[in-house]
Structure formats: C-alpha cells, structure tokens
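Visitor: Numbering (my numbering), first residue to last: 4 to 343.
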Amino acid sequence: MPIATPEVYNEMLDRAKAGKFAYPAINVTSSQTLHAALRGFAEAQSDGIIQISTGGAEFLGGQYNKDMVTGAVALAEFAHIVAAKYDITVALHTDHCPKDKLDAYVRPLIEVSAERVARGENPLFQSHMWDGSAETLADNLAIGQELLAKAAAAKIILEVEITPTGGEEDGVSHEINDELYTSVDDAIRTAEALGLGEKGRYLLAASFGNVHGVYKPGNVVLRPELLKDLQAGVGEKFGKTSPFDFVFHGGSGSTAEEISTALDNGVVKMNLDTDTQYAFTRPVVDHMFRNYDGVLKVDGEVGKKSTYDPRTWGKLAEAGMAHRVTEACEALRSAGKKLK
4 MPIATPEVYN EMLDRAKAGK FAYPAINVTS SQTLHAALRG FAEAQSDGII
54 QISTGGAEFL GGQYNKDMVT GAVALAEFAH IVAAKYDITV ALHTDHCPKD
104 KLDAYVRPLI EVSAERVARG ENPLFQSHMW DGSAETLADN LAIGQELLAK
154 AAAAKIILEV EITPTGGEED GVSHEINDEL YTSVDDAIRT AEALGLGEKG
204 RYLLAASFGN VHGVYKPGNV VLRPELLKDL QAGVGEKFGK TSPFDFVFHG
254 GSGSTAEEIS TALDNGVVKM NLDTDTQYAF TRPVVDHMFR NYDGVLKVDG
304 EVGKKSTYDP RTWGKLAEAG MAHRVTEACE ALRSAGKKLK
C-alpha cells in the first residue's frame with residue numbers, strides 16, 4: 004500500500020505529531036522528479052508527501068493546452084502505479100491554490116476523488132491546499148469552510164494558509180514584512196470557523212516569518228517559537244492540548260535549529276521545492292559543462308549520443324534530487340520511521 008489510504012494518512016500525521024517529526028512534502032513536475040522523491044524517501048526509510056502546485060500541474064498538462072486537472076490526475080495515476088515498487092508509504096497532495104484557480108484545480112480534483120469514493124474506492128489525492136492568504140481572513144475562512152466540508156465528504160484532508168508567506172510561488176507573492184506572523188487571534192478565528200477536527204481534519208500553514216524561494220541568511224527572520232503560542236492560545240480557549248497540525252512553508256534554506264523548534268511545536272509537514280529544484284538541475288549543468296563537445300555538434304562534428312541522451316544526464320538529476328530528499332528526511336527526523 005505505497006499510496007496511503009485515508010486511514011493510513013491520518014495515522015501518518017498522528018505518528019508525526021506524537022513523535023515530533025515531520026514529513027518532507029516534495030514538489031514534483033514530472034515522472035522523473037516523482038521517482039527522485041520516491042527514491043529519496045526509500046533510501047531514508049521514510050514515508051513522505053508528494054505534491055503538485057498549480058504551476059506544476061499546468062506543466063504536467065503539456066504546453067499545448069496547459070490543463071492543470073489533466074496534469075495533476077495523470078501524474079497521480081502514474082504515482083499509484085510506480086510507487087508500488089518503493090518500500091515506503093506516500094500521500095499525494097496539491098500545493099498552493101489561490102482563489103482565482105479553485106474552479107480550475109482544487110474543486111474539480113475534489114470532485115474526481117468524490118466520484119471514486121462513491122464507487123467504493125479511495126480518493127485520488129489524500130489532501131489539497133487552499134491558499135487564501137491573499138484574501139481577508141473572513142473570506143479565507145468562509146471558502147475554507149466550503150472546501151473542508153467537500154474534502155471531508157471525499158475522505159480528503161484540507162490544508163489552509165490563513166496568513167501570508169513571503170516571497171513568490173506560482174504567481175502568488177507577498178512582501179517580506181511584519182505581516183508574515185500569524186497572531187493568536189488569527190488562530191482562534193480559524194478554530195471557530197473550521198473547528199478542531201469535528202468538521203473534518205485540516206493542516207494549518209501558519210506564518211512565522213516564512214518566505215518562499217531563495218534568500219540569503221539574515222534576510223528572513225523566522226520565529227518558529229510562535230507556533231507554541233498559537234497552540235497554547237487556542238488550546239486554552241477550546242480545552243484541547245496542541246490542537247493544530249502545522250505546515251512549515253518556505254522550508255528551503257532553514258537552519259537545523261529553526262526546523263527543530265518547529266517540529267517541537269507541532270509541525271508535521273514541511274514543504275521543499277527550491278532546494279530540490281537546484282539539486283535536480285545542478286548535476287545536469289555539471290554534465291553539460293564537462294561534456295559540451297559531446298552534447299553539442301561543435302564545428303561540424305556529430306557529437307556523442309551517449310552524452311546527450313536524456314537518460315544519461317537524467318539519471319544524474321534523479322540521484323541529485325533523491326539525495327536532497329534524504330537529507331530532508333534526516334533533518335525532519337522522519338528517516339527510519341516508515342510505517343512498514
């Protein structure tokens with residue numbers, strides 16, 4: 004059972020919360036990056052999460068028509084087949100989806116899973132993300148209520164982002180400023196609107212200074228200790244210890260201490276994209292530079308097929324990304340903790 008059932012996905016998240024570790028959530032954009040993520044998890048003996056953003060789904064849909072649902076469904080179906088060869092369990096997730104793309108991405112994907120569940124099957128994806136960080140909190144939570152009800156009916160977990168993450172991802176951008184910190188009041192309003200599990204399970208992407216993309220040390224001030232305040236403030240009001248399952252966005256480039264503090268305060272999922280993109284591309288660049296006269300037909304020569312064959316440099320790319328995924332598992336304490 005390499006693709007988690009709804010019951011197993013809940014068990015995965017419960018184990019992470021209780022054991023103070025988190026699953027790397029790796030963005031993929033192709034069958035090859037999917038294999039790299041699965042390989043990295045397997046080599047670390049860790050379960051994990053595979054996710055597809057709107058931009059990734061558009062890319063997967065092909066540049067002829069760029070259909071996001073087609074791209075996401077196709078790779079998810081592919082994952083259900085090839086993941087069976089890896090001795091770990093993974094969940095499939097869709098990353099950031101803003102309001103203007105809900106009707107072209109998350110809503111139809113939830114419907115795909117709802118139809119599967121109605122036939123007695125498991126959902127295609129195990130979770131979806133609604134990114135309402137660009138909306139007012141009231142509008143964000145109103146849409147969140149609608150999506151949570153639909154997701155719960157399809158045995159899917161919803162991820163919500165209630166306050167901005169800095170930087171840019173797939174066209175959604177926020178400035179790096181003091182608004183990148185979720186308040187206890189924000190968290191209380193979220194619990195009041197979405198409940199604490201009784202209306203359906205959800206993951207909460209709270210902001211503690213997170214930034215997407217590449218940044219140099221010192222340019223971003225992360226305060227993962229803020230998550231403890233959110234857990235305590237909501238827990239005290241609703242009488243529930245450690246009520247939230249947190250998601251760490253903008254995880255690339257974070258320090259070991261920042262990650263450790265986040266894990267201790269309820270983070271069960273951390274997104275990685277920037278670092279794994281670089282880890283995939285870097286070996287390809289090295290290969291091209293070292294073998295430029297083979298990959299190019301220089302000065303009228305014929306080149307060298309074995310060097311420009313995509314399988315040659317593709318294997319190097321897969322290995323590079325898999326290694327970075329394995330490092331993430333170790334940093335997030337999920338290495339060696341697979342379910343089976």
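Idealized CB from N, CA, C, for every residue including glycine. Nothing here was measured: the structure is a model prediction, and the numbers come from that model.
With a CB to CB cut of under 8 Å and the five nearest residues on each side skipped, what residues in its chain are close to S337?
Guide: Here the set comprises A19, F24, A25, Y26, P27, A47, S49, D50 and G51.
Visitor: Apart from the five residues just before and just after I159, which ones in its own chain have a Cβ nearer than 7 Å to its Cβ?
Guide: For I159, where only same-chain residues beyond five positions count, the Cβ hits under 7 Å are I113, S116, P126, F128, Q129, S130 and H131.
Visitor: Would R344 be called buried (16 or more neighbouring beta carbons within 10 Å of its own) or exposed?
Guide: The chain is shown only over 4 to 343; residue 344 falls outside these bounds and no answer can be derived.
Visitor: In whole angstroms, give me the CA-to-CA distance for E330 and A209.
Guide: Each residue's Cα considered, the two are about 24 Å apart.
Visitor: Can you tell me whether T32 is buried or exposed? The criterion is at least 16 other CB atoms within 10 Å of its CB, across all chains shown.
Guide: Buried.
Visitor: Please specify which runs of the alpha helix (DSSP H), each continuous and at least 4 residues long, are wholly inside the region 98 to 169, giving them in chain order.
Guide: Here the runs fully enclosed are 109 to 121 and 140 to 156.
Visitor: Throw me the rounded Cβ distance for the L275 and G254 pair, which I believe falls under 8 Å.
Guide: L275 to G254, Cβ: 5 Å. Contact.
Visitor: Ignore the nearest five residues each way along the sequence and tell me which others in L144's own chain have a CB closer than 6 Å to its CB.
Guide: If we look at L144 and ignore the five residues flanking it on each side, its Cβ neighbours are A196.
Visitor: Taking the Cβ atom as the reference point for each residue, do L335 and L266 lie within a distance shorter than 8 Å?
Guide: Contact flag set, yes.
Visitor: Expressed to the nearest angstrom, what Euclidean distance is found between the alpha-carbon atoms of Y89 and H38?
Guide: When rounded, the distance between both Cα atoms is 9 Å.
Visitor: Check whether the Cβ atoms of F247 and G269 sit closer than 8 Å, and answer yes or no.
Guide: Result yes, Cβ atoms of F247 and G269 sit closer than 8 Å.
Visitor: So who's on the other strand from H96, going by DSSP bridges?
Guide: Q54 and S130, per the DSSP bridge assignment.
Visitor: Under a three-way DSSP split, which group does L299 fall into?
Guide: If DSSP states are grouped into helix, strand and coil, L299 belongs with coil.
Visitor: Please go through the same chain and pick out, in chain order, the residues whose beta-carbon is closer than 6 Å to the beta-carbon of S251, but skip the five residues on each side of it.
Guide: For clarity, residue 251 is Phe in the given sequence; the question names Ser instead. For F251, where only same-chain residues beyond five positions count, the Cβ hits under 6 Å are A265, V270 and M273.
Visitor: Fully enclosed by the region 13 to 78, which beta strand (DSSP E) runs are 3 residues long or longer?
Guide: Fully enclosed beta strand (DSSP E) runs of 3 or longer: 26 to 30 and 51 to 55.
Visitor: With distances taken between CB atoms, is the gap from G135 to K102 smaller than 8 Å?
Guide: Contact: yes.
Visitor: So who's on the other strand from L207, going by DSSP bridges?
Guide: In DSSP, L207 forms a bridge with V163 and F249.
Visitor: Apart from the five residues just before and just after E61, which ones in its own chain have a Cβ nearer than 6 Å to its Cβ?
Guide: Excluding positions up to five away in sequence, the list reads K69 and M71.
Visitor: Quick check: the Cα distance between N213 and L183, rounded to an integer number of angstroms?
Guide: Computed Cα separation, rounded: 7 Å.
Visitor: Just mark G242 as buried or exposed, buried being the case when its beta carbon has 16 or more other beta carbons within 10 Å.
Guide: G242 is exposed by the Cβ-count criterion.
Visitor: Counting only the same chain and skipping the five closest in sequence on each side, list residues whose C-beta sits under 6 Å from that of K343.
Guide: None.
Visitor: Could you have a look at L233 and say whether DSSP puts it in helix, strand or coil?
Guide: Residue state, collapsed to three classes: helix.
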